[in-house]
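Asker: Below you'll find the structure I mean.
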Amino acid sequence: MPPYEDSGRHRNRSRRPAGAAEKPVPSAGSSWLRRAVLVALAVTVVIDLTLIVLHELQSRANEIRAVPVFVPAPATSSPSPSPTPTRAQPRATTRRSAHAATVSLTPVRRTPSRTASPTPPPPSPSPRRTQLLGPDNLGRALAGYCRSTEGRGTAAALTRDGWFCVRLFERPRPIDMDAACRDLYGSAARARQLDASDQRSWRCYRVSP
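Numbering that gives the first Met the number 0 puts the first residue of the sequence shown at 0, with every later residue one more than the last.
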């Protein structure tokens with residue numbers, strides 16, 4: 000037979016009918032991966048079920064703890080008051096009453112009260128004598144006091160509010176009349192106003208025992 004006929008037969012054997020799909024051959028690596036995925040899914044399902052069961056048990060335990068337990072208090076019986084025994088009064092009371100009656104019949108002596116002697120009144124102080132010292136010219140005397148205390152260029156001025164020591168470009172200073180009398184007549188001198196409505200009625204006095 001010619002050689003080209005044999006090659007034609009081999010070609011006809013190797014050819015497959017049209018539309019026939021090739022069957023995949025499972026390999027060892029793909030089967031191991033499938034087993035690992037199934038095992039992981041089973042483990043996750045078991046873990047989820049275990050967590051659900053533990054959650055249910057814990058919630059039931061909390062409900063049991065939250066239920067209050069009422070324990071009835073024991074009934075206490077109040078003690079009945081015991082009757083107080085009555086004691087018989089001794090006969091000595093009659094003797095005491097008789098003795099008190101005899102004592103009350105005895106007369107009571109009263110001591111006469113002493114009348115307090117009146118205290119003599121304190122002696123009245125002897126009247127003091129006042130001596131008029133002056134001045135005859137009040138304005139001139141006060142001007143001299145102002146110059147001795149405030150310096151030269153100071154004068155005494157009479158206003159509605161009383162006597163003042165005045166100086167140019169300075170604030171007026173009121174005059175203490177007692178101080179002016181002491182400056183003029185000594186430490187025992189005192190000032191006295193004869194007429195409250197008249198500022199010119201000031202005079203200096205000395206009070207002597």
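Here a beta-carbon is modelled for each residue, glycine too, at the ideal position from N, C-alpha and C.
Among residues of its own chain, excluding the 5 on either side of Met-176, which ones have a beta-carbon nearer than 6 Å to its beta-carbon?
Answerer: Ala-190, Trp-201
Asker: Can the beta-carbon of Ala-156 be found less than 7 Å from the beta-carbon of Leu-141?
Answerer: no
Asker: Hey, Thr-153 and Arg-139 are a contact pair by Cβ (cut 8 Å); roughly how many whole angstroms apart?
Answerer: That belief does not hold up - the Cβ atoms of Thr-153 and Arg-139 are roughly 13 Å apart, past 8 Å.
Asker: Under three-state DSSP, which class holds Thr-222?
Answerer: Given that the chain is displayed from residue 0 to residue 208, the structure contains no residue 222 and the question cannot be resolved.
Asker: Roughly how many angstroms separate the alpha carbons of Ala-195 and Phe-168, rounded to a whole number?
Answerer: Distance between the alpha carbons of Ala-195 and Phe-168 is about 31 Å.
Asker: Along the chain, where does the alpha helix (DSSP H) containing Gly-138 start, and where does it finish?
Answerer: 137–149
Asker: What residues are listed by DSSP as bridge partners for Thr-158?
Answerer: As computed with DSSP, Thr-158 is found in a beta bridge with Gly-161.
Asker: Looking only at DSSP bridge pairs, what is Trp-201 linked to?
Answerer: In the DSSP assignment, Trp-201 is bridged to Gln-192.
Asker: Cα separation between Cys-203 and Thr-118?
Answerer: Their Cα atoms are separated by approximately 41 Å.
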